[in-house]
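Participant: Before we start, here is the structure in question, set down as structure tokens.
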Amino acid sequence: MGPYDEEKMQKWRNILRQLIDEIEYYEILLNRVKDHVITLRKQDQHRKASIIQKLFRKRQVQKLRQQRNELQRQKQELDILQKSLAKAEENKQKNQYVTSQQLTPQRQNLYDQWFQQELAQYDSSLRRR
102 MGPYDEEKMQ KWRNILRQLI DEIEYYEILL NRVKDHVITL RKQDQHRKAS
152 IIQKLFRKRQ VQKLRQQRNE LQRQKQELDI LQKSLAKAEE NKQKNQYVTS
202 QQLTPQRQNL YDQWFQQELA QYDSSLRRR
């Protein structure tokens with residue numbers, strides 16, 4: 102080989118070395134980008150997990166609020182029913198008192214009617230004699 106060929110070979114070696122250096126540089130950059138993408142994916146997963154947790158908590162809070170509202174509504178209904186029951190019990194006691202007071206005059210009327218009938222029969226029997 103002549104000096105010209107040696108120069109050409111040296112030139113090609115330099116070009117190849119530069120290409121190899123560039124390839125190594127781009128490999129390093131590619132690895133950094135891959136690492137960054139992995140980091141971003143992890144962050145995205147954490148962000149998604151955080152969002153899911155927030156949504157889950159929000160749903161739990163909504164369910165608890167609905168349960169609380171339902172319990173309050175049932176408590177109000179129960180209070181109304183208890184008041185109605187107490188009033189009905191009070192009216193029942195009043196009616197029993199009134200009824201017990203009214204039974205005596207009714208019985209008295211029955212006895213009065215019976216007595217009047219007996220008296221009328223006695224009078225009619227006396228008149229016949």
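Just so you know, we're using the working numbering here: the sequence shown kicks off at 102 and counts up by one. Where is the CB? At the ideal position from N, CA and C, for every residue including glycine. Please read all numbers here as calculations on a predicted model, not as lab measurements.
1. Could you tell me the distance, in whole angstroms, from the CA atom of Lys109 to the CA atom of Asn115?
2. What does the alpha-carbon distance come out to for the pair His147 and Ile153?
3. Where are the beta strand (DSSP E) runs, 3 residues long or more, that stay fully inside the segment 143-193, in chain order?
4. Return the chain-ordered list of same chain residues with a C-beta closer than 8 Å to the C-beta of Asn132, the five sequence neighbours on each side being excluded.
5. Which value, in whole angstroms, describes the spacing of the CA atoms of Gln111 and Val138?
Facilitator: Reading off the structure:
1. In the sequence shown, the residue the question calls residue 109 occupies position 8. In the sequence shown, the residue the question calls residue 115 occupies position 14. Those two C-alpha atoms are separated by around 10 Å.
2. Start at 1 with the first residue of the sequence shown, and residue 147 comes out as number 46. Start at 1 with the first residue of the sequence shown, and residue 153 comes out as number 52. Cα to Cα, His147 sits roughly 10 Å from Ile153.
3. none
4. Residue mapping note: residue 132 aligns to position 31 of the sequence shown, counting from 1. Cβ neighbours of Asn132 beyond the five flanking positions: none.
5. On the sequence shown, position 10 is the one that residue 111 refers to. On the sequence shown, position 37 is the one that residue 138 refers to. Distance between the alpha carbons of Gln111 and Val138 is about 40 Å.
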